[in-house]
Structure formats: C-alpha cells, structure tokens
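Structure first, then comments.
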Amino acid sequence: MKKRSSIAVVGAGIGGLAAAILFADRGHAVVIFDQFDRPKPVGSGLVIQPIGQAVLDAVGAGDAVRRSGNPIQRMLGHEADHHRKVLNVWYNKDRSGQFGLAIHRASLFEALLDQVKTRDIALHTQSIVTHTHAGMITVANGQSHGPFDLVVDSAGANSPLSPLRDRPLPYGAIWGTVDWPETDLPMSQLSQCYRRADRMIGVLPIGTLPGDTTPKAAIFWSMPRDRYDQWIAGGLERWKSEAESLWPAFAPFAAQVTSQEQMTMARYSHGTLRRPWSSGLVHIGDAAHRASPQLGQGANMALLDALALARAFEKADGEAALALYAKARRWHVMAYQTMSAAFTPQYQSDSKWLPVLRDRLLYPVSQIPPAPRVLTAIVCGTMLPPMRGLGRV
15 MKKRSSIAVV GAGIGGLAAA ILFADRGHAV VIFDQFDRPK PVGSGLVIQP
65 IGQAVLDAVG AGDAVRRSGN PIQRMLGHEA DHHRKVLNVW YNKDRSGQFG
115 LAIHRASLFE ALLDQVKTRD IALHTQSIVT HTHAGMITVA NGQSHGPFDL
165 VVDSAGANSP LSPLRDRPLP YGAIWGTVDW PETDLPMSQL SQCYRRADRM
215 IGVLPIGTLP GDTTPKAAIF WSMPRDRYDQ WIAGGLERWK SEAESLWPAF
265 APFAAQVTSQ EQMTMARYSH GTLRRPWSSG LVHIGDAAHR ASPQLGQGAN
315 MALLDALALA RAFEKADGEA ALALYAKARR WHVMAYQTMS AAFTPQYQSD
365 SKWLPVLRDR LLYPVSQIPP APRVLTAIVC GTMLPPMRGL GRV
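In the working numbering, the protein residues as written are 15 to 407.
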C-alpha cells in the first residue's frame, strides 16, 4: 500500500486494536467497528509471551502492560494424588531475561485502546457487522459503510465474516478473577494441579485491574464442554470441596468465589483457514485459526498476525500483500496448532493412559537437556520464525 488506503477493522479485540494502530502508524485511514456500546474485553487472565510483548512494544503499549501485568518465570504443575511434578517449564533458565507477562484482559485491552485514542482512528460502537462485499460493510441495522480498500476481520471465534469450520474440543474450563490471597504459592509462576487428565485446577497471578491496585489471580477449573449445566446444578460448595480436596493450596482462592456467576465457561475449538484471505478481506486471530489455550499462545498469535499483515503491505499491494501475509504466518501457525493438538489431550481428556505416559515418560524426558530449552522456545513463541520473510518481531 504505497498510497493512503482506507481500512476497516471489524472487532476491537487484541488483534484488531493492534492492527488498527499498526496501519494508522503507516499512514492509512483506519476505522474500527465493534458490537458493544463501548469497546470492552471478554474473559479473564492470559499470558503474553515474549514474542507478543515485542509486538506490544511496536504499538506503544509495552510499558503500560508491564506496569499492570505480572511477570512469571515458570509454569509448574503437579499431580494431585502423589504430588509429583508433571510440568516444569522455565522462561529464564539460561538467564536470558525473558518472562511471560500474565495480565487480565481488561488491563491489556485498556493499554491498547489508549494507544488507539492517540491516533487518528475512527471507532464505531454498537456496530454488529453482518457481512462485507466489494469493500462495503453492512451492520445489523441495515446501514452500510465504505467502500474500504481492505477489511480486516478480527471479530474472533464467532466472526460472521469468517468461513472457518472448526472442531469443538471435548474439554473447556470455567474461569474467574479473585484477589491474590495470603498463600505459599509464588507470584512468579503459573501453578497447576491435575488428577489424571479429567481434572485440572490453575492459578495465574495477573497483576492489577484498571483503577485497582490490589494484585489479582485468574483461577480456572477444567471440565467437559457439555458439563457446565451439571456444574451449576451441583452447587458451589460441592465444587469448592472437590477442588480443595484435590489441592489444599487452592482453598484461599476458592473462598473468594461466593457465586457461580463469578466463574465463566470457556469452550475451545480447533481449526485453521487454509486461505485466510479473499479479495479485499483478510482474517486474523481466532477468525483465522483456533486452538486450546494449553500453550498460552492465543493472544500472541493475534498480535503476530496483526504485525505480519501490516508489514506485508509495506512490501506489496492488494492481493499480493494478503498472500504474503498468509505465507509468512503459515508455518508458525501450523506448528503451534499441531503442538496444541498433541499436548491438550494429556491435560484435558478422559484418557486413562495419556496421563500415565505424560507423568512417567514425557515429563522425565522433558527435564533432560536439550528438552528444557526446547520447551522454553515453544512457550516463548520462538520455536519457528513467526513471520517468515517479513523480518524479526
């Protein structure tokens, strides 16, 4: 795009806001369309890996997220019955200085939105985009906007613009946010407890929320995607009792959950668009590819998509740039989709033998060099070049 082009970004999520900033910084006219009365995040905590942090620095939000987020140096998981370690991944084992940044979606969202407000970017709220054709966008009230030279679909897993047909994963999780209590659990790590693969409890220290200086924790409990109604019917105390019996250290976190409404069900799916673009339309983030959050890469993938797309349009125009974007991201996305599909059943499934394989074979092997360094590269997002042919992040 050597000329000033008009770009519509559908969806004010992490990838959408980043893409809007990156295109605006390159001199293009950008308009964001979002369905809410005012843009807002959906969900609880997440981890921005080092490679995603680099993208946040590129859009000017890095310092803000580091102030509100919480650095983690390790992911540690143990088996409930025998207390054996079954997950142990370090970010900084070789003193590289890298870390995962655990943060609430609201804090990440605010940092990105603040950067949007410093640019000449138009924002249309209460705009539920239903379809796009020939550069025109139509919203639910029948109004049309455009034409635009490019429509960026960052509307997430339920995007009406994406043709992706995903495969629902059998397990999801309930998530909530509580204050960080008095506990022996360190704030420098993601801590998890498993019983086989059908129970998983997690505690992630996520820093602070906008307007609140109290450190927070994201807590989660794995469950089959169709068992949420059963969990509701079972009552809160029954769940707390089971969780605390599996992992006594979880008790001060669970004690703060006084209503089942504090916990939100998240359901996951797996799928990838073979061709994440068509003439004048491109898909990024969950609109282009989806996986379980087991590797902690969802937000990073959306940020990398946004940066790769913006850089592709520095090198080419129109469909050539869209093809370049897709080519640059293909192998990185494919690798992480494959690893997610392989790892997830070891921690979220009804399998009886996979947890045995995980605990008795895969975990011991994972602690033998060079395996720890490989695992670090996987979680950091650097297992493969993330934007092949478009430079370093």
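We treat Cβ as the ideally placed atom computed from N, Cα and C, and that holds for glycine.
Inter-residue spacing [alpha-carbon to alpha-carbon] between residue i and residue j
i: Ser-121; j: Gly-332; result: 34 Å
i: Gly-149; j: Trp-245; result: 45 Å
i: Gly-221; j: Thr-191; result: 11 Å
i: Pro-195; j: Thr-227; result: 14 Å
i: Ala-349; j: Gln-112; result: 22 Å
i: Leu-321; j: Ala-269; result: 41 Å
i: Gln-274; j: Glu-328; result: 49 Å
i: Leu-183; j: Met-277; result: 20 Å
i: Ala-302; j: Met-397; result: 20 Å
i: Arg-288; j: Val-388; result: 27 Å
i: Asp-243; j: Arg-406; result: 46 Å
i: Asp-95; j: Asp-180; result: 35 Å
Residue i (DSSP reduced to helix, strand or coil)
i: Val-23; result: strand
i: Arg-98; result: coil
i: Arg-419; result: The shown model of the chain, from 15 to 407, leaves out residue 419, and the question about it has no answer.
i: Leu-60; result: strand
i: Gly-66; result: helix
i: Glu-275; result: helix
i: Ser-205; result: strand
i: Ile-46; result: strand
i: Val-393; result: helix
i: Trp-194; result: coil
i: Trp-189; result: strand
Own chain residues within Cβ distance below 6 Å of residue i, not counting five before or after
i: Ala-125; result: Ala-75, Ala-78 and Val-79
i: Ala-72; result: none
i: Leu-409; result: Only positions 15 to 407 of the chain appear in the structure, and residue 409 is not among them; the question remains open.
i: His-159; result: Ile-151
i: Gly-57; result: Arg-119
Same chain only: Cβ atoms within 7 Å of residue i, ignoring 5 sequence neighbours per side
i: Glu-93; result: Val-100, Tyr-208 and Asp-373
i: Arg-18; result: Gly-41, His-42 and Ala-43
i: Ile-215; result: Gln-206, Cys-207, Trp-235, Ala-257, Leu-260, Trp-261 and Phe-264
Cβ-based neighbour list, residue i, same chain, cut-off 8 Å, excluding 5 preceding and 5 following
i: Pro-85; result: Phe-113, Gly-114, Leu-115, Ala-116 and Ser-202
i: Leu-137; result: Ala-26, Val-45, Ile-46, Asp-48, Pro-53 and Val-130
i: Tyr-105; result: Pro-64, Ile-86, Gln-87, Arg-88, Gln-112, Phe-113, Gly-114, Thr-390, Val-393 and Cys-394
Minimum Cβ-Cβ distance from residue i to chain D less than 9 Å
i: Ala-34; result: Absent here is chain D; the protein component of the structure consists of one chain.
Handout entry: Those runs of the alpha helix (DSSP H) which lie wholly inside the region 281–358 and span at least 4 residues
Key = 312–329
Handout entry: Within the region 209–259, ranges of the alpha helix (DSSP H) (whole runs, at least 4 residues)
Key = 242–248
Exercise for the section: Would you check if the region 95–107 and the region 134–150 touch, i.e. whether three or more CB-CB distances between them fall below 8 Å? Expected result: no
Exercise for the section: Within the region 105–187, note down every full alpha helix (DSSP H) run reaching 4 residues or more, in order along the chain. Expected result: 119–131
Handout entry: Segment contact, 8 Å Cβ cut-off, at least three pairs: the region 288–300 with the region 350–367
Key = no
Problem - Contact between the region 127–145 and the region 242–257 (3+ Cβ pairs under 8 Å) - result: no
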